[in-house]
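Numbering (the working numbering), first residue to last: 21 to 440.
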C-alpha cells in the first residue's frame, strides 16, 4: 500500500502554507481502493485567521440560537444515469468523467422548477468490460440512482478498463427496468450512454430498449467517442433520435482544458472550514466522514479546478448527508436529536446534555450556512471569470460539456429555469 500526502502534489489545493494538511491518501496497488490515514493535525491559528474564508471583523463563535429550517424544495426529481463503456480503449472517457463530475453536478444545481430546487439523483453503470460476467452481458450497476454524491465519486474513481463486447441495447434496458425512476410528469429523467463501437451489438435490440425507456419518459442521449462519420454508420445518432435526446461526438483522449481562477484558493479554504462542520453519527458516520475527505482528494488529484467544482457542489442543497451528518439530519427532521441514541453520537458529544448537543449542532448549522454563502459569493465571481475566458477560447468538446449543454436545453423545454 502506498501513502501519498496530498501536499506532495504542487498543483494540489491540499498544499497549504507550512504543509499544515495532515491527511494522507493511501492507495492499494492491487485493488485500487483508497483509505485515509490521519497522521497529525497542526492548526496554525494565525494563518487561518488571516487567510480563512470568513469575513473579517465578525465576532467568531457567538452563542447560537437554534436555526433548524426547511429549504424551498420541490417534489420534482432530476435523475441522470451515466452508462460508461469501460472496455480497453476508454481510459480517456473515464478520465473525463472523473474530471467533469462536479461540473455536471453544479450545472444540475442551477435548475429550478417553479422556483424550487428539485432532488438530484445520479446513477452509474459500466458496460463492455471483460472482467464482468458474460451472463450479465458485461454490464454492472455500479450505483443505483442516489443522492449520495460522495458515493458516486468513490465508485467512479474505482472504475478500470479491460477488453469487452459493448451491448448498448442491453445496458439501456437494464438501466430502465432496474431503477426507481420518478413518476412526476415534470421530472427530468436522462440516460447518457458513452462508447465507441456499433450501437446494435448484443441480443437486446437497441430500438426496443429505447422505446421502453421513452414509455417511462426517459430521454436517451448518446456520446460517441470517435470520428463523427463513424457515429452515423454505427447508429449512435439514430439511437439519440429514437430516444428524443441529443447526440454528441467527442474525442475521449483529449486533455481537459481547465480554467483556474483567482478565486479557487479562497473557495478551497472554505472547503477546509466546511468539512469541520460535519458531525458524524451512527455506525457509518466515521467512515462516511473519512470518505468525504477522500473524495476531496480524488477531485484534487484531477486538477485544482475539479477540486473547486466539488467544493461548490458541497456548498449547495444537493449535497445531502442526512444518513451520517447531524446537521443535515436535523434539517430533514427537527426532532432527530430526540430519537438518536447517545451511543450513536461522536465522542465529543458523548455525555453532553440534550441542551448542549442541540446548541452544538445549531452552532455547526449556523457556521456551515455562513461558509456556504461565502462560497456562493465567490463562485459568482469565479463563473464570471470562467465565462470570460471561455469566450476567448471557444466551446469545449468533452463528456462534461456535452452533458451540460443537453441538460440545459432539455430543462428549458420542460419548464425549468436556470439560476446561478
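No residue lacks a Cβ here, since even glycine has one placed at the ideal position from N, Cα and C.
Got a sec? Which residues, its chain only, sit under 8 angstroms from residue i by beta carbon, not counting five neighbours each side?
i: residue 78; result: Note that residue 78 has pLDDT 43, beneath the 50 cutoff, so the model's placement of it is unreliable and no number is given.
i: residue 187; result: 147, 148, 157, 158, 159, 221, 222, 223, 224
i: residue 415; result: 421
i: residue 433; result: none
i: residue 335; result: 290, 294, 391, 392, 395, 396, 399
i: residue 182; result: 106, 107, 108, 149, 150, 151
Can you tell me which residues form a DSSP beta bridge with residue i?
i: residue 160; result: 146
i: residue 97; result: 139
i: residue 269; result: 244
i: residue 133; result: 136
i: residue 187; result: For residue 187, which the question treats as bridged, DSSP gives no partner whatsoever.
i: residue 338; result: Paired residue(s): none; residue 338 is not in a bridge.
i: residue 441; result: Absent from the model: residue 441. The displayed extent of the chain is 21 to 440, so no value can be given.
i: residue 438; result: 131
i: residue 239; result: 210
i: residue 166; result: 142
Going by DSSP, what residue range makes up the beta strand (DSSP E) through residue i?
i: residue 209; result: 208-215
Could you spell out the range, first to last residue, of the alpha helix (DSSP H) harbouring residue i?
i: residue 303; result: Run containing residue 303: none; DSSP gives neither H nor E here.
i: residue 375; result: 374-413
i: residue 290; result: 284-295
i: residue 111; result: 111-129
i: residue 260; result: 256-262
i: residue 172; result: 169-177
i: residue 278; result: Neither: residue 278 is in no alpha helix (DSSP H) and is coded neither H nor E.
i: residue 225; result: Looking at the DSSP string, residue 225 is not in any alpha helix (DSSP H), and its letter there is neither H nor E.
i: residue 352; result: 346-352
i: residue 359; result: 356-359
i: residue 202; result: Element bounds for residue 202: n/a, residue is neither H nor E.
i: residue 419; result: 419-433
Excluding the five sequence neighbours on either side, which residues of its own chain have a C-beta within less than 7 angstroms of the C-beta of residue i, listed in chain order?
i: residue 131; result: 98, 138, 431, 436, 438
i: residue 422; result: 243, 268, 270
i: residue 233; result: 192, 196, 211, 240, 263
i: residue 369; result: 377, 380
i: residue 340; result: 167, 348
i: residue 227; result: 262
i: residue 116; result: 272, 276, 418, 419, 420
i: residue 219; result: 188, 226, 254, 255, 256, 259
i: residue 404; result: none
i: residue 401; result: 283
i: residue 126; result: 329, 332, 333
i: residue 363; result: none
Going along the chain, which residues of its own chain have a beta-carbon closer than 6 angstroms to the beta-carbon of residue i, five neighbours each way excluded?
i: residue 394; result: 73, 290
i: residue 398; result: 283, 286, 287
i: residue 217; result: 186
i: residue 319; result: 326, 327, 330
i: residue 429; result: none
i: residue 305; result: 344
i: residue 342; result: 348, 349, 352
i: residue 68; result: At residue 68 the pLDDT is 38, less than 50, meaning the model places this residue with poor confidence and gives no usable figure here.
i: residue 229; result: 189, 192, 193
Since residue i contacts residue j with CB under 8 angstroms, what's their CB separation in whole angstroms?
i: residue 378; j: residue 357; result: 6 angstroms
i: residue 122; j: residue 333; result: 5 angstroms
i: residue 301; j: residue 360; result: 6 angstroms
i: residue 279; j: residue 124; result: Actually they do not touch by this definition, with Cβ atoms about 16 angstroms apart.
i: residue 101; j: residue 145; result: 7 angstroms
i: residue 199; j: residue 167; result: Actually they do not touch by this definition, with Cβ atoms about 14 angstroms apart.
i: residue 347; j: residue 381; result: 6 angstroms
i: residue 205; j: residue 184; result: Their Cβ separation, rounded to whole angstroms, is 37 angstroms, which puts residue 205 and residue 184 out of contact at 8 angstroms.
i: residue 209; j: residue 236; result: 7 angstroms
i: residue 365; j: residue 120; result: Their Cβ separation, rounded to whole angstroms, is 37 angstroms, which puts residue 365 and residue 120 out of contact at 8 angstroms.
i: residue 171; j: residue 338; result: Not quite, the Cβ-Cβ distance comes to about 14 angstroms (not below 8 angstroms), so this is no contact.
i: residue 203; j: residue 315; result: Between residue 315 and residue 203 the Cβ distance is about 31 angstroms, and since that is not below 8 angstroms, they are no contact.
i: residue 201; j: residue 238; result: 6 angstroms
i: residue 104; j: residue 114; result: 7 angstroms
Is residue i near the ligand HEM, with its Cβ less than 6 angstroms from a heavy atom?
i: residue 263; result: What this structure holds is no ligand at all, so the ligand HEM is not there to describe.
Q) On the three-pair Cβ rule with 8 angstroms, is the segment 238-252 touching the segment 279-294? A) no
**Q.** Contact the segment 327-343 vs the segment 273-287: 3+ CB pairs below 8 angstroms
**A.** yes
**Q.** Inter-stretch contact (C-beta, 8 angstroms, three-pair minimum) for the segment 103-119 and the segment 271-280
**A.** yes
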